[in-house]
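Structure first, then comments.
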Amino acid sequence: MALSLPPELWEMIGLCLIDQDPLSSPAGMAHDIAALGCTSKDPNLQAGVAVAWRALEGCCRVRSTPRVCPPAFGSWRVVWAHVNTYSLDQLRACLRALGSSFIGNRAATLQQLLPILPTDWPGASPDLRDLVKSSRNNCITQTEALKQYRLQKEDLEGVRVRIRGNTHLYRVTDVMRLAQFKYGSAAGLQARNEQILEASAKRRRTAEYNQSMQGPRTQQIIKALAKAHVDYVLEDLLIPAAQKYIKSGTGSLAKVVAAVKALIATEVRTQEVQDLVQERDLPSAGWHRNLPEYQAYVDNGDGSLEDVIEAISEEAERRSLVEARRQQLTAAVGAEMDLLEMPICKDYVERNRGDLQAVLAMISDVAADRKWRRQEVDQLLATYDLADFSQLKTWSGNTVSQPCGFFQAYINGQADAAPLEQLAEQAFLQSQRGV
16 MALSLPPELW
26 EMIGLCLIDQ
36 DPLSSPAGMA
46 HDIAALGCTS
56 KDPNLQAGVA
66 VAWRALEGCC
76 RVRSTPRVCP
86 PAFGSWRVVW
96 AHVNTYSLDQ
106 LRACLRALGS
116 SFIGNRAATL
126 QQLLPILPTD
136 WPGASPDLRD
146 LVKSSRNNCI
156 TQTEALKQYR
166 LQKEDLEGVR
176 VRIRGNTHLY
186 RVTDVMRLAQ
196 FKYGSAAGLQ
206 ARNEQILEAS
216 AKRRRTAEYN
226 QSMQGPRTQQ
236 IIKALAKAHV
246 DYVLEDLLIP
256 AAQKYIKSGT
266 GSLAKVVAAV
276 KALIATEVRT
286 QEVQDLVQER
296 DLPSAGWHRN
306 LPEYQAYVDN
316 GDGSLEDVIE
326 AISEEAERRS
336 LVEARRQQLT
346 AAVGAEMDLL
356 EMPICKDYVE
366 RNRGDLQAVL
376 AMISDVAADR
386 KWRRQEVDQL
396 LATYDLADFS
406 QLKTWSGNTV
416 SQPCGFFQAY
426 INGQADAAPL
436 EQLAEQAFLQ
446 SQRGV
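Okay, so the sequence shown: first residue is 16 according to the working numbering, each after it adds one.
Shown next, in the form of structure tokens:
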């Protein structure tokens, strides 16, 4: 319901808001309204002064001036919120909305003031009131706010947000004030929008032009390749250099022709190597493509075909010797395949370092030690009537963990035997309690 205010207050507010404002600054307006509120004892007038002050508070930063008004009405001396940022016309427009300013969280919003404003208040036009009423409950998503009002995510950090599911919703009026604050005014935001729209239109025109030129550019490449006597296929035009020229006009015909020639030469050298590998019956499962000699010859034409074949032969021989040494050790380790990961085994298999007999002796000693440790663990488990150490559980608060890793580490010679009996005894007691 609209608040009934004395006519003299509305007259003063209307006088301050009309275009022929006789006051030189908002400070004068605030001073006059404050004086009116201080000299009158009418409670309705006092309430009206408070409403007018909230309108000013939404537009300007204030400092305390006790001699102008009593502390109950707050600070009445008005100073500009952002010096040289807002003009007097912008402030008047702000005051016309009676608190619907773009200063941010300090503003008294129209949604808060509309219920107490008279319908015939001269400072609020019907269009403005209808706009605010219609958008009172309107919200937009974060994506819409960023796109429509040209904001960044960090700009929205201080704006109130409603979260529905995974969607962040912002009030339109809050985002609108923030955008106007960022760009100086509604006109600044409009100018920024026009600038972005112009750039977008330019990109669209460029994309449409490039789309229309793809056919002619393809024909240009075909003619250039024919002129250079390049025997090509259409798939060769899928290389990056050709696609960039076709889609965006980037590069030149000379660069495209050179790239197609290089691609064809690479394919020819690749086929040469493959044919010779098959002719000489060299073992290869594709690993020859990782050889430096192969890559240098195929990609850049460095070296010769014979150098590549020689490198493939040497690598094939090396791999056969490695496999033979691995088979020797595999027969010795039996089921303990993880023994092949020991440094002494890897050095012998992959680098042919060390003596075979010494490596086999080491494997035999480690396997025997493991067998003895496994028997010790089995004997310990049998003592506590446990079938397998995988049944053991250790408790830490509410967490249950399996100590299998520790027992396996002990069997592998990587842990001390001291905690073994303690763990087994703990597991036995837990089993007796039915844990």
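Just so it is clear, CB atoms sit at the ideal spot from N, CA and C, and this is done for glycine as well. Values in this document were obtained by computation on a predicted structure and should not be read as measured data.
For T156, the enclosing beta strand (DSSP E) starts and ends at C154 to T156. In this structure the region 356 to 373 does not touch the region 382 to 389; the number of beta carbon pairs closer than 8 Å is below three. Setting aside the 5 residues that flank it on each side, H303 is surrounded in the same chain by Y309 and I327, each with a C-beta closer than 6 Å to its C-beta; the list follows chain order. Sequence-distant partners of P298 (beyond 5 residues in either direction) whose C-beta falls short of 7 Å from its own C-beta, in its chain, are A331. Assigned with DSSP and collapsed to three states, Y185 falls in strand.
DSSP, reduced to helix, strand and coil, places V174 outside both helices and strands of the structure shown, so it counts as coil.
Only residues of its own chain outside the window of five on either side were considered, and among them L268 have a CB closer than 8 Å to the CB of Q235, listed in chain order.
Short of 8 Å from the beta carbon of R389, and not among the five residues preceding or following it, lie these beta carbons of its own chain, in chain order: I426.
Following the DSSP letters along the chain, one finds E391 inside the alpha helix (DSSP H) bounded by residues L371 to T398.
Put simply, the backbone Cα of I378 is about 27 Å away from that of L396. Between I261 and Q226, the alpha-carbon positions lie close to 9 Å from each other. Separation of K168 and K270 (C-alpha to C-alpha, rounded to the nearest whole angstrom) is 42 Å.
Contact between the region 235 to 248 and the region 275 to 289 is present: three or more C-beta pairs spanning the two stretches fall below 8 Å. Nearest to R186 by C-alpha distance, out of A206, R207, Y164 and G199, is Y164. Here DSSP, grouped into helix, strand and coil, assigns N315 to helix. Annotation for R165: no alpha helix (DSSP H) segment contains it, and DSSP assigns it neither H nor E. Under the DSSP assignment, A277 falls in the alpha helix (DSSP H) whose first and last residues are L268 to E294.
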